[in-house]
Amino acid sequence: MKITALSDIHYPHNEKQLDDSLESMVDSDVIVIAGDISHDLEEYELVLSRFSGLACKKLIVIGNHDLYTEDGSDSYRKIKVLNRICKRNDFHLLDSGPLVIDGVGFVGNIGWYDYSFAQGRDHENQLPQIEFVGNCDYSGHKLFQIQDINEEVLVYPNDEEKSSRSVRIRDLTDSDFSQKSFIFRDKKNHYINDSDFIHWKFSDKEFLDLQLGKLSKHLRKVEKKCDKIIYVSHFVPIWNFIYSDGCDSVKRVFNAYHGSPELGNLAFSNDKLAAIISGHTHHPNQVRVNDVMCYDVSYRLRQLKPTQIVI
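For the sequence shown, the numbering used here begins at 9 and goes up steadily by one.
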């Protein structure tokens, strides 16, 4: 089975690159998009319509940017709207259910984050044996290193009734990370857009638990119907894709919002797992983890390039 995987199209930034890549997908058996097309519904549908000339199976998961709402409307309800758009354009949304194609079970969803990737722990002792098999556009192939953990940052609350507090990076709590806004030594306010454009009743961990529950259910649903399983997530499910380009404090803290190892732990618990496909980081790479090929298929803006996978 020939799979073409891509992620983080972020239309219109990668419009030209996407159009240039469509020809290379003609002989694909399956196309997988790992989220982040556009927050705008018209743009989202426009991008999916670009694949209409391809006769293969087309699968997709939602990305966090796809769920952004500028008017404050419920982001969770938007999933149903996106599912209808996917169906109109012959895409199967894995967030809504798994799919078995020629003996291969595809499962997945957006995933989410629980701040684990930013914690000051001995990550290398927690990692399974890995082998780098692809090229990474970082300055070096280093797993995330703990650095500047004693540097103080100002946690800027998203609740106007709460006051900011200064704390060492190593002492940041889950409550601090949930604010998603920090001031570092550069005196600039660093934040992630999720805090402004994701609107729902869930805490980050509650939404992650919801996705884990769905993934567990979908794995059980397909495992007896297939020989191999491919897991697709927008957010990062394994430590191996958490890098630091220079290991500065900002990147160290903001790795908190890249995903959760709980996603990968659940996927690896199934003996039929054959591959993992994820996005979000904008730094493509490939690693082998316990004989399972793992692909980060996200690219920097205007550098979109689909990844070819043979199962």
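Even glycine gets a Cβ: it sits at the ideal position worked out from N, Cα and C.
As the structure is a computational prediction, the values presented were derived from the model and not from experiment.
- With a threshold of 16 other beta carbon atoms within 10 Å, Thr315 meets it and is buried.
- Listed in chain order, the non-local C-beta contacts of Lys65 below 8 Å within the same chain comprise Asp37, Val38, Ile39, His100, Leu107, Ile109, local neighbours out to five positions each way being set aside.
- Under the Cβ criterion (8 Å, minimum of three pairs), the stretch 266-281 counts as touching the stretch 233-249.
- Under a 10 Å Cβ-count criterion, Arg260 is classified as buried, with 16 or more other Cβ atoms of the shown protein chains found around its own Cβ.
- According to the DSSP assignment, Ala283 belongs to the beta strand (DSSP E) that extends over 281-286.
- Ser174 has its alpha-carbon roughly 34 Å from the corresponding atom of Leu309.
- Sequence-distant Cβ neighbours of Tyr307 in its own chain, meaning closer than 7 Å and more than five residues away, are Asp16, His290, Pro292, Lys313.
- Looking at the DSSP output, Ala42 sits in no beta bridge, so it has no partner there.
- As a beta-bridge residue in DSSP terms, Glu160 pairs with Arg176.
- DSSP, reduced to helix, strand and coil, places Asp184 within a helical segment of the structure shown.
- Taken through DSSP and simplified to helix, strand or coil, Cys94 comes out as helix.
- Measuring C-alpha to C-alpha distances from Leu30 to each of Leu62, Val244, Asn197 identifies Leu62 as the nearest.
- Burial check for Pro245: the Cβ neighbour count within 10 Å reaches 16 or more, so the residue is buried.
- When DSSP states are grouped into helix, strand and coil, Gln311 belongs to the coil group.
- Your pair Ile70 and Ile87 checks out as a contact, with CB atoms roughly 6 Å apart and the cut at 8 Å.
- Contact annotation: the stretch 224-238 touches the stretch 112-121, with at least three C-beta pairs closer than 8 Å.
- According to DSSP, Asp304 shares a beta bridge with Ser286, Asn293.
- In the DSSP assignment, Ala13 falls within the unbroken beta strand (DSSP E) covering 10-14.
- His266 and Ala126 have their C-alpha atoms roughly 9 Å apart.
- Within the same chain, Cβ atoms closer than 6 Å to the Cβ of Asp122 are found at Lys213, Leu216, Ser268, the five residues on either side in sequence being excluded.
- Trp120 is the residue among Asp182, Leu162, Trp120, Gln25 whose C-alpha sits nearest the C-alpha of His288.
- Secondary structure of Ser241 (DSSP, three-state): strand.
- In this structure, the beta-carbon distance from Asn97 to Glu160 does not fall below 8 Å.
- A direct Cα-to-Cα measurement between Ile317 and Ile41 gives close to 13 Å.
- Taking Gly111 as the centre and dropping the five residues before and after it, the same chain places the C-beta of Cys234, Asp235 closer than 6 Å to its C-beta, in chain order.
- Distance check between Ser172 and each of Gln187, Phe243, Asp179, Asp182 places Gln187 closest, using alpha-carbon atoms only.
- Annotation for Tyr199: the continuous beta strand (DSSP E) segment containing it runs 197-199.
- For Val261, the uninterrupted alpha helix (DSSP H) run begins and ends at 257-262, by DSSP.
- Nearest Cα to Thr77 within the set Ser189, Leu67, Ser203, Leu274: Ser203.
- When rounded, the separation of the alpha-carbon atoms in Asp194 and Gly105 is 45 Å.
- Assignment of beta-bridge partners to Asn117 by DSSP yields Ser241.
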